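Asks:
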Amino acid sequence: MNTMMKVKELFTPLESIPTALIAWDESGKIAYAGPENDAPPLKGETLDRSNLSAMPGLIDIHVHGGWGVEFGSGDLRQGLKTYSKKVISRGVTGFLVTVSGPSHAAILNILESYAALLDETYPGAVPLGFHLEGPFLNPERHGAFNPDWLHNPSIEKIKDFTKAAGGYLRQVSLAPELENAFETAAFLREKGIRVALAHSSADYDTAAKALAGDFTHITHTFNAQSAFHHREPGVVGAILTSNNTSAELIADTVHVHPAAMRVLLRCLGAERVVLITDAMPGAGLGDGEYTLIGQKVTLKDGRAALPDGTLAGSIATLDTCLRNIVFAAGASPLDAARMASYNPATVIGMDERIGCLTPGHDANITLVDEKLGVEAVFLRGKLQYQRG
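Start counting the sequence shown at 1; every next residue gets the next number (our numbering).
1) Leaving out five residues before and five after MET339 in sequence, what residues of the same chain have Cβ atoms less than 7 Å from its Cβ?
2) Are HIS104 and LYS159 touching if we call contact CB-CB under 8 Å?
3) Please return the same chain residues whose Cβ sits closer than 8 Å to the Cβ of GLY234, not counting the five positions on each side in sequence.
4) Which residues does DSSP pair with ALA33 in a beta bridge?
5) By alpha-carbon positions, which one of GLY282, VAL7, ASN152 and GLY192 ends up nearest to ASN180?
6) Measuring CB to CB, does HIS62 end up less than 8 Å from THR121?
7) Starting from the C-beta of ALA33, find all residues in its chain whose C-beta is less than 6 Å away, skip the five residues before and the five after it, and write them out in chain order.
8) Might you give, ordered along the chain, the residues of its own chain that have their beta carbon closer than 7 Å to the beta carbon of TYR83, omitting 5 neighbours on each side?
9) Give the straight-line distance between the Cα atoms of GLY288 and GLU15, rounded to the nearest whole angstrom.
10) For ASN146 and VAL172, what's the separation of their Cα atoms in angstroms?
11) Starting from LYS382 and walking both ways along the beta strand (DSSP E), at which residues does that stretch end?
12) Can you round the beta-carbon distance between ASP335 and GLY28 to whole angstroms, since I take them to be within the 8 Å contact cut?
13) Check whether the Cβ atoms of ILE88 and GLY360 lie closer than 8 Å to each other.
14) Alpha carbon to alpha carbon, what distance is there between ASP38 and ALA198?
15) Looking only at DSSP bridge pairs, what is PHE95 linked to?
16) Kindly identify the DSSP beta-bridge partner or partners of TYR394.
17) Distance check for LEU96 and ASP60, CA to CA, integer angstroms please.
18) Can you tell which of ASP48, ARG49, LYS43 and MET55 has its C-alpha closest to the C-alpha of PHE11?
19) First and last residue of the beta strand (DSSP E) that includes ALA164?
20) So PRO135 and SER100 are in contact, right, with Cβ under 8 Å, and what is the actual spacing, rounded?
21) Measuring CA to CA, which of SER314, PHE215 and ALA259 is closest to ALA279?
22) Could you tell me the distance, in whole angstroms, from the CA atom of SER341 to the CA atom of GLY355?
23) Distance, Cα to Cα, THR346 vs PHE215?
24) Relative to the alpha-carbon of GLY165, which residue among PRO102, LEU128 and LEU174 has its alpha-carbon at the smallest distance?
25) According to DSSP, simplified to helix, strand and coil, what is SER173?
26) Here's a check: name, in chain order, each residue in its chain whose Cβ is nearer than 7 Å to the Cβ of MET350, leaving out the five neighbours to either side.
27) Going straight from the alpha carbon of PRO258 to that of CYS321, what length do you get?
28) Name the residue from VAL263, GLY143, PRO123 and LYS163 whose alpha carbon lies nearest to the alpha carbon of THR109.
29) Pull up the distance between the alpha-carbon of ARG102 and that of TRP24, whole angstroms please.
30) To which residues of the same chain is VAL256 closer than 7 Å at the C-beta, ignoring the five residues directly before and after it?
31) Any idea what DSSP makes of GLY234, helix, strand or coil?
32) Mind checking which residues open and close the alpha helix (DSSP H) that includes GLN78?
33) So, at 7 Å on beta carbons, what are the nonlocal neighbours of LEU264 in its own chain, with the 5 sequence-adjacent residues on each side left out?
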């Protein structure tokens with residue numbers, strides 16, 4: 001038996017379809033998604049959401065936690081459950097657990113501990129695997145990281161991490177100017193793990209070489225990277241002139257000005273930009289003192305910072321970034337939906353199952369109003385959140 005849902009507009013998000021119908025079977029797989037008038041004869045329950053628009057469930061591939069949860073710290077199982085339940089109310093149906101640690105042994109322990117939990121059932125959004133941000137970052141661009149945690153990469157260390165992650169390591173952030181970086185990136189790409197250029201002081205030539213090779217993604221574009229100058233284009237210049245690289249964007253208007261968001265969109269196009277939050281434990285909560293990757297962080301007036309004023313993750317949620325990229329940076333709702341669902345699913349190699357509302361994909365559906373406020377969320381066809 002199918003379930004059908006009428007919507008005002010459907011962002012697949014590869015196309016926009018007005019007055020649409022989405023149908024899914026008992027397994028939660030989409031059977032039809034298209035114009036209501038073109039739908040084949042279907043039997044089952046019909047949900048009328050014709051006052052709302054539908055897009056795929058949002059996917060955050062770079063987040064450190066939220067609602068008091070810090071990934072890699074405390075009770076890991078309970079933290080995942082708390083975060084899963086809270087974040088689905090923001091339209092998110094899947095996320096990568098972004099982790100790091102003060103030592104090789106600590107990171108191995110975190111990965112092994114989480115890997116044993118990822119197949120469990122969660123009350124909302126689903127943890128899809130790991131993003132390892134650090135330890136292979138340049139201490140000169142450490143951002144919120146303790147520089148003592150950071151060091152050069154090696155294939156042997158990566159082998160340890162991939163084994164500990166149990167097949168769940170999806171993305172590794174890496175500074176290309178570090179010793180052994182190119183060899184490590186080649187090994188990771190061969191294993192099907194996305195390599196993201198990150199926390200880097202590389203010059204333009206080094207960054208451009210990396211982005212023409214095995215570095216096919218960018219961690220939080222503009223942040224913790226050598227900046228653009230007309231005589232020294234730096235990492236940012238290499239990103240803006242790259243041909244195929246996908247690029248993360250923290251669209252919170254704190255980490256990146258809306259004008260810089262527009263520059264990135266004009267250079268790369270919506271098909272290559274990935275909205276992320278890079279959120280820290282204070283996301284979803286209020287002002288106060290928190291910890292993040294071993295550092296004390298103060299959250300005040302919408303800004304999370306270290307004692308020296310360095311930004312320390314964002315407090316944004318992905319639905320906020322979705323709205324900002326439209327109402328502050330001028331993207332279309334269709335493009336915003338793509339940047340928050342299909343693009344991240346593609347980066348982590350899961351686009352054949354999630355991130356798109358077409359037949360055969362999971363019926364992970366986020367319903368939004370005309371202001372892109374989240375009204376309801378379905379996970380594999382089951383209602384998981386409804387506003388009010």
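Note that CB positions come from ideal geometry on N, CA and C, so glycine has one too. Since this is a predicted model, take the numbers as computed values, not measurements.
Replies: Reading it off the structure:
1) ALA270, VAL273, VAL274, LEU275 and ILE325
2) no
3) ALA202, ASP203, TYR204, ALA207, GLN225, SER226, ALA227 and PHE228
4) ILE22
5) ASN152
6) no
7) ILE22, LEU357 and THR358
8) GLY65, GLY66, TRP67 and VAL69
9) 42 Å
10) 18 Å
11) 382-386
12) That pair is no contact at about 27 Å.
13) no
14) 46 Å
15) ASP60 and PRO127
16) Residue 394 cannot be examined here, being either before or after the span of the chain that is shown, 1 to 388.
17) 6 Å
18) MET55
19) Looking at the DSSP string, ALA164 is not in any beta strand (DSSP E); the run it does join, the alpha helix (DSSP H), is 155-165.
20) 6 Å
21) SER314
22) 5 Å
23) 15 Å
24) First, the amino acid is wrong: residue 165 is Ala here, not Gly. Closest by alpha carbon: LEU128.
25) strand
26) LEU128
27) 11 Å
28) Inspection of the sequence shows that residue 109 is occupied by Asn rather than by Thr. ASN109 has its Cα closest to that of LYS163, out of VAL263, GLY143, PRO123 and LYS163.
29) In the sequence as displayed, the identity of residue 102 is Pro instead of Arg. Between PRO102 and TRP24, the C-alpha separation is close to 45 Å.
30) PHE222, LEU249 and ILE250
31) helix
32) 76-87
33) THR221, ALA247, LEU249 and VAL273
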